[in-house]
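Notes follow the structure.
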Amino acid sequence: MKLLVTGGCGFIGSNFVFHMLESYPDVSIVNLDLLTYAGNLENLQDVTSYGERHRFVRGDISDPDMVCSLISEKPDVVVNFAAESHVDRSIMDCCAFIHTNIRGTQVLLDACRQYKIPRFVQISTDEVYGSLALDDPPFCETNQICPNSPYAASKASADLLVRSYHKTYGMDCVITRCSNNYGPYQFPEKLIPLMITNALHDFQLPVYGDGLNVRDWIHVQDHCRAIDLAIRKGRTGEVYNIGADSEFPNIEIVKHILDRLSKSHSLITFVKDRPGHDRRYAMNAAKMRNELGWQPLVDFREGLNQTISWYIEHEMWWQRIKSGQYLNYYEEWYGSSLGGAATKTSS
Ligand code: NAD
Ligand code: DAU
Numbered sequence: 159m160k161l162l163v164t165g166g167c168g169f170i171g172s173n174f175v176f177h178m179l180e181s182y183p184d185v186s187i188v189n190l191d192l193l194t195y196a197g198n199l200e201n202l203q204d205v206t207s208y209g210e211r212h213r214f215v216r217g218d219i220s221d222p223d224m225v226c227s228l229i230s231e232k233p234d235v236v237v238n239f240a241a242e243s244h245v246d247r248s249i250m251d252c253c254a255f256i257h258t259n260i261r262g263t264q265v266l267l268d269a270c271r272q273y274k275i276p277r278f279v280q281i282s283t284d285e286v287y288g289s290l291a292l293d294d295p296p297f298c299e300t301n302q303i304c305p306n307s308p309y310a311a312s313k314a315s316a317d318l319l320v321r322s323y324h325k326t327y328g329m330d331c332v333i334t335r336c337s338n339n340y341g342p343y344q345f346p347e348k349l350i351p352l353m354i355t356n357a358l359h360d361f362q363l364p365v366y367g368d369g370l371n372v373r374d375w376i377h378v379q380d381h382c383r384a385i386d387l388a389i390r391k392g393r394t395g396e397v398y399n400i401g402a403d404s405e406f407p408n409i410e411i412v413k414h415i416l417d418r419l420s421k422s423h424s425l426i427t428f429v430k431d432r433p434g435h436d437r438r439y440a441m442n443a444a445k446m447r448n449e450l451g452w453q454p455l456v457d458f459r460e461g462l463n464q465t466i467s468w469y470i471e472h473e474m475w476w477q478r479i480k481s482g483q484y485l486n487y488y489e490e491w492y493g494s495s496l497g498g499a500a501t502k503t504s505s
């Protein structure tokens, strides 16, 4: 199976690349990634052992020439992870979110339509559904979408475009919507890696509002296994929710991280709330479980402790991000400056 993966140098995309290469000897991957601040080739350092089964191409999913040149190679499936993914950044300025999350998805869809690509899989999010009250049932696929942040609105727009290409042109499309991921290689701007890395250096841990917002956590490996099933067995035109029934208020997670690291709770600083902050997310993943036979394998507490250990053991990885050094890796690898499109197999 030939896959075109977009955004494969980010957190979930890079975990997915490894999952697929490890699981299936006959899978080869072209990885199209712009290497924004969130894309990090160091996430893929170990991919060299897979030789030509992984090929990295630097480029923008919103660039029709770049996208068509890769899609004309006729992959069996296009899996679209590429996105601007951080809610706080979308509140500061949402231009890049419109460019990548909406325009980029449209460019990919048009190219897939033109080259009759057998399947398009859109990696979406629970945030498109909006916010739940504490006593509401978890989101089902039939819930109305009701996004509250510019990020969520851009992802919801992309979902609607995907749906429309399925309905209008009969394209084979599947959408997955997952809850909050955690695990190795998550950029340290997101809650869990930010709190771990700050705590390790005795920096303040900024908790928004009253700290009682609830997120439904899933280990990135369980998410990757679910996407793998959606690619192979998902029904065309369907949406699949993914979640591991692990709801926790933010403050509980932050305290657990501090306890695990034997750090004082006095590092917690309550700060001004995020505007439009969704109170609670929770996913009903019954369709994924019943139709595709998926179930999460990683217990949250165990997965969180492993993740804390991973950040302790990989301090160099996140220190290079915090210092900005990781941005040089591309030049070190290619011996050329950032800017032009480049392509390289992993061998
Ligand atoms: P991330 O920010 O870690 O990675 C995004 C990747 O996309 C980066 O490698 C970046 O360089 C690349 N990219 C950005 N703009 C691009 C463009 N125009 N062209 C090509 N590449 C571009 O994101 P993530 O957390 O790994 O999320 C991946 C996907 O999963 C996103 O679509 C996100 O909406 C979705 N998602 C994330 C979560 C989560 O908890 N992190 C949960 C559900 C769904
Ligand atoms: O639910 C899926 C979504 O999860 C994905 O679609 C997004 O790409 C991903 O970024 C994530 O969005 P969240 O906004 O839920 O994640 P974040 O890590 O930014 O925040 C998690 C919770 O922690 C949220 O309630 C805000 C809070 N928070 C976050 C940060 C960064 C804090 O209290 N302090 C912080 O410094």
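To convert, take the position in the sequence shown, counting from 1, and add 158; that gives the working numbering.
Virtual Cβ for every residue (Gly too), placed ideally from N, Cα, C.
Proximity test, residue i beta-carbon vs ligand 1 heavy atom, cut-off 7 Å
i, result
"Cys331", "no"
"Ser282", "yes"
"Glu242", "yes"
"Asp204", "no"
"Thr164", "yes"
"Asn338", "yes"
"Ile409", "no"
"Lys313", "yes"
"Ile219", "yes"
"Cys382", "no"
"Ile385", "no"
"Phe361", "no"
Own chain, CB closer than 8 Å to residue i, minus 5 neighbours either side, in chain order
i, result
"Asp246", "Glu347, Arg432"
"Val175", "Val163, Gly166, Ile187, Asn189, Leu202, Val205, His212"
"Tyr273", "Cys226, Ile229, Ser230, Lys232"
"Val265", "Ile219, Ser220, Asp221, Pro222, Val225"
Residue i versus residue j - alpha carbon distance
i, j, result
"Gly165", "Glu180", "19 Å"
"Asn442", "Ser420", "35 Å"
"Leu161", "Arg277", "10 Å"
"Lys397", "Arg418", "Residue identity differs from the one stated: residue 397 is Val in this sequence, not Lys. One C-alpha to the other measures close to 37 Å."
"Tyr309", "Tyr366", "18 Å"
"Asn201", "Leu190", "14 Å"
"Gly461", "Ala402", "12 Å"
"Val163", "Val225", "11 Å"
"Ile333", "Ile281", "6 Å"
"Gly341", "Leu358", "17 Å"
"Gly209", "His423", "46 Å"
"Val215", "Leu193", "10 Å"
"Phe428", "Gln464", "26 Å"
"Ile260", "Asp284", "17 Å"
"Asp374", "Glu405", "4 Å"
"Ile354", "Ile389", "33 Å"
"Val279", "Phe239", "9 Å"
"Glu490", "Ser481", "16 Å"
"Leu450", "Asn301", "20 Å"
"Val372", "Pro407", "4 Å"
"Met250", "Ser307", "11 Å"
"Val237", "Ile275", "11 Å"
"Thr258", "Arg271", "19 Å"
"Ile470", "Asp457", "20 Å"
"Thr263", "Leu319", "8 Å"
"Asn413", "Trp475", "Position check: residue 413 holds Lys in this sequence, whereas Asn was assumed. Taking the straight line from one Cα to the other gives about 24 Å."
"Arg321", "Gly434", "27 Å"
Neighbourhood of residue i by C-beta distance below 7 Å, restricted to the same chain and skipping five residues each side
i, result
"His381", "Ile170, Cys336, Asn339, Ile400"
"Ile409", "Val365, Gly369, Leu370"
"Asp361", "The sequence given here has Phe at residue 361, not Asp. The answer is none, since no qualifying residue turns up."
"Val286", "Ile303, Pro305, Ala310, Lys313, Ala314, Asp317, Arg335"
"Tyr327", "Arg271"
Contact test: residue i Cβ vs ligand 2 heavy atom, cutoff 7 Å
i, result
"His414", "no"
"Pro342", "no"
"Asp417", "no"
"Arg432", "yes"
"Tyr484", "no"
Nonlocal neighbours in the same chain, by C-beta distance under 6 Å from residue i, ignoring five residues either side
i, result
"Gln344", "Phe169, Pro351"
"Leu496", "A caution first: Leu496 carries a pLDDT of 38, below 50, which makes its placement in the model unreliable, though a value can still be read off. Hits under 6 Å: Tyr488."
"Trp452", "Ala384, Leu387, Met446"
"Tyr484", "Asn198, Glu200, Arg478"
"Asn173", "Val378, Cys382"
"Trp468", "Pro342"
"Val185", "Met159, Met178"
"Ala269", "Val225, Cys226, Ile229"
"Gly498", "Because Gly498 carries a pLDDT of 33, less than 50, the predicted location of this residue cannot be relied on, and the following value inherits that uncertainty. Excluding positions up to five away in sequence, the list is empty."
"Lys502", "Unreliable positioning characterises Lys502 in this predicted model, as indicated by a pLDDT of 46, which lies under 50. A coordinate reading is not provided."
Any chain B beta carbon closer than 8 Å to residue i
i, result
"Gln280", "Looking at the structure shown, chain B is missing, and only one protein chain is on hand."
Nearest-angstrom beta carbon gap, residue j and residue i [assumed within contact, 8 Å]
i, j, result
"Pro454", "Ile376", "6 Å"
"Leu363", "Asn356", "5 Å"
"Asp436", "Ser289", "4 Å"
"Ala316", "Ser243", "Actually they do not touch by this definition, with Cβ atoms about 12 Å apart."
"Ile411", "Ile466", "Not a contact, Cβ separation roughly 11 Å."
Fully enclosed by the region 240-322, which alpha helix (DSSP H) runs are 4 residues long or longer? 245-250, 263-272
Can you list the beta strand (DSSP E) stretches of 3 or more residues lying completely in the region 353-424, in chain order? 363-366, 372-377, 397-400, 405-407
For the region 447-475, which segments carrying the alpha helix (DSSP H) assignment without a break, of at least 4 residues, lie completely within its bounds, in sequence order? 458-471
Jot down the residue ranges of each uninterrupted alpha helix (DSSP H) in the region 182-236, minimum 4 residues, whole runs only, in chain order. 222-229
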